[in-house]
Amino acid sequence: MTSGINRIVIIGAGQAGSSVAAILRSSGYSRAISLIGDEPIPPYQRPPLSKAFLKDEIGVDGLRLRSDSFHSDQKIDFRPGVMAERIDRDARMVRLADGTSEPYDILVIATGSRPRLLPGMGDVPAGVHHLRSIEDAQGLRSAICPGAEIALVGGGYIGLEVAAAAVHLGATAFVLEREERLLPRVANAHVSDFLRHYHQQRGVAIITDAAVAGFEQADGRMAGINLQDGRRYSCSAVLIGVGGVPNDELARDAGLRCDGGIVVDRDGRTDDPRIFAIGDVSRRPLPFNDNRMHRLESVSNAIEQSRQVAASVLSLARPEDEVPWFWSDQFDVKLKSAGLAFDADRRILRGLPGGGNFSVLHLKDERLICIETVNNAADFMAGRRLIASMAAIDVDKAADSAFPLKNLVPMNNDRIARR
Ligand SMILES: Cc1cc2nc3c(=O)[nH]c(=O)nc-3n(C[C@H](O)[C@H](O)[C@H](O)COP(=O)(O)OP(=O)(O)OC[C@H]3O[C@@H](n4cnc5c(N)ncnc54)[C@H](O)[C@@H]3O)c2cc1C
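Per my numbering, residue 14 is the first one in the sequence shown, and the count goes up by one each step.
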């Protein structure tokens, strides 16, 4: 598709936008690339915002995705602090908030996601935080000090990571989860139970079946949080971590197909052949889950889709599909998961959660489709490989935690047939 592609415009200078710009260049595309970002600073990593950055272990410089001179060296026209306001598909033009327009032959939308607000919250009260940007993290950090009482609304990864960081910094922390267990949508009950105990042992109170009704202020400051069942907890700051929503408004306004994210194919292409969407904003097929459509929020997904788009635009060989994966650090626990457990018909626990080192395998038709690991890098690596094989495995051996998962050989090689 390269002939006639003289201008590639990327909206969103985050993990995905920055990656696709870099990969296009390293793959040999030498014509114009514009990278439009509404944040005033160069692209940075978000995962440390709830981990090392919040704990003061790294500063802003440690978050950077690229060196200072990267964009000029690579002749990428990086435009920080400018919001893209409209996509004019007929004119093949992106209208920017500074009054200028960027013409494109190929457009990549990489606008990410934003934190979901609590329903009916309206204006965000003083002392209530969300966490997406460096600025958010700095605001949250200033609320965490010895003696502070931090309420985490939402027992997902971000809430739990921030609870661990708050305790590390000498504050007290409690998690309010609406469902009956932690990480209800993304983790198996073994992992939820393990984390509940682990956090409780380190002083984090875990309160489940807790639906927030509202906040109490005193002298213009956060004083407490009320639950719908009448319970009340005092706190000095609140972090809402109840998931994300895609920044797909530009695409919707331009008439692109959206359904909880911009709908793309396995190359990241939207229903307009000149427009791609990648990263948190996109809803994509999952090749290891029968091409089920899903919106992923992870670094590995942003990078994989960047590779797919670069290959498609430059007519290069399509990269191998990658098994999606995710990590989380809480206190000194390393959680890693690969694949997604949709439609799993069998679950296997390897190891003992009480020992702090175990894995949960999710199978479908005797094929491994997802693995969740706690402090178990070896199972994670082996599990990813087995998921990628798309072949049946010996379930009895997989269930034997004395048998190394890395020694498990896929039983047949019908990978291609299943695609
Ligand atoms: C606190 C936190 C912890 C996380 N931890 C992990 C983790 O441990 N592991 C993991 O895999 N993932 C983690 N993630 C998720 C991961 O950071 C995201 O999946 C990844 O950043 C997605 O990249 P993206 O480019 O799609 O979105 P982003 O990185 O959010 O980039 C999108 C960019 O587009 C900009 N933008 C939006 N609209 C416009 C517009 N109209 N014009 C111009 N610019 C625009 C946004 O401001 C933003 O800069 C975490 C995320 C957060 C917030």
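We treat Cβ as the ideally placed atom computed from N, Cα and C, and that holds for glycine.
Rounded to the nearest whole angstrom, the C-alpha separation of Val217 and Phe187 is 5 Å. Put simply, the region 149-161 does not touch the region 43-55. Fewer than three CB pairs are less than 8 Å apart.
The shortest C-alpha to C-alpha distance from Asp293 to any of Gly256, Gln87 and Glu229 is the one to Gly256. Of all alpha-carbon atoms in Leu252, Ala123 and Ala401, the one lying nearest the alpha-carbon of Val22 is that of Ala123.
If you draw a 10 Å sphere on the C-beta of Ala177, you find 16 or more other C-beta atoms in it, and that means buried. Counting C-beta pairs closer than 8 Å gives fewer than three between the region 56-68 and the region 320-338, which falls short of the contact rule.
With 16 or more other CB atoms across the displayed protein chains lying within 10 angstroms of its CB, Ala200 is buried.
Checking the 7 Å criterion, the Cβ of Ile49 is within range of a heavy atom belonging to ligand 1. If you check the CB distance, Ala290 and Gly281 come in under 8 Å. Closest in C-alpha terms to Arg145, from the list Glu385, Leu327, Ser372 and Phe66, comes Phe66.
For Ile24, the Cβ falls inside the 7 Å cut-off from some heavy atom of ligand 1.
Between Leu374 and Ala411, the beta carbon gap of about 6 Å places them in contact (Cβ cut-off 8 Å). Runs of the alpha helix (DSSP H) spanning 4 or more residues and lying entirely within the region 363-417 occur at 390-402 and 408-412, in chain order. Within its own chain, the residues whose Cβ lies closer than 6 Å to the Cβ of Arg92, once the five positions on either side in sequence are excluded, are Ile49, listed in chain order. The closest heavy atom of ligand 1 lies 7 Å or more from the beta carbon of Asp378. Note on geometry: alpha-carbon atoms of Asn389 and Arg38 lie some 36 Å from one another. Pairing Ile384 with Arg308, the inter-Cα distance amounts to about 19 Å. By alpha-carbon distance to Val276, the top candidate from Asn302, Met306, Glu262 and Phe301 is Met306. Relative to the non-hydrogen atoms of ligand 1, the Cβ of Ser341 comes within a distance shorter than 7 Å of at least one.
With contacts defined as CB atoms closer than 8 Å, Ser63 and Glu192 fail to qualify as a contacting pair.
For Ser47 against Asp90, the beta-carbon gap comes to about 4 Å, under 8 Å, which counts as contact.
Separation of Ala139 and Ile163 (C-alpha to C-alpha, rounded to the nearest whole angstrom) is 14 Å.
Residue pairing from DSSP places Pro128 in a beta bridge opposite Gly257.
The three-state reading of DSSP puts Ala351 in strand, counting E and B together.
According to the DSSP secondary-structure assignment, Leu240 is paired through a beta bridge with Val225. Straight through space, the alpha carbons of Gly72 and Glu317 are spaced by roughly 27 Å. Every alpha helix (DSSP H) stretch that sits fully inside the region 257-328 and reaches 4 residues is listed by chain position as 262-266 and 312-326. The count of Cβ pairs closer than 8 Å, one atom from the region 392-409 and one from the region 341-359, reaches three, so the stretches are in contact.
If you check the C-beta of Gln28 against ligand 1, you find a heavy atom less than 7 Å away. Between the C-alpha atoms of Asp242 and Gly233 there is a straight-line separation of about 25 Å.
A direct Cα-Cα distance of roughly 12 Å separates Gln214 from Val180. The Cβ atoms of Glu310 and Ser43 do not sit closer than 8 Å to each other. One Cα belongs to Ile220, the other to Gly168, and the distance between them is close to 9 Å.
Contact between Val33 and Val121 is confirmed by a C-beta separation of about 6 Å, below the 8 Å threshold.
When the alpha-carbon of Asp136 is set against those of Phe228, Ala184, Ala202 and Ile406, the nearest one is in Phe228. Per DSSP, reduced to three states, the secondary structure at Glu333 is coil, with no helix or strand assignment.
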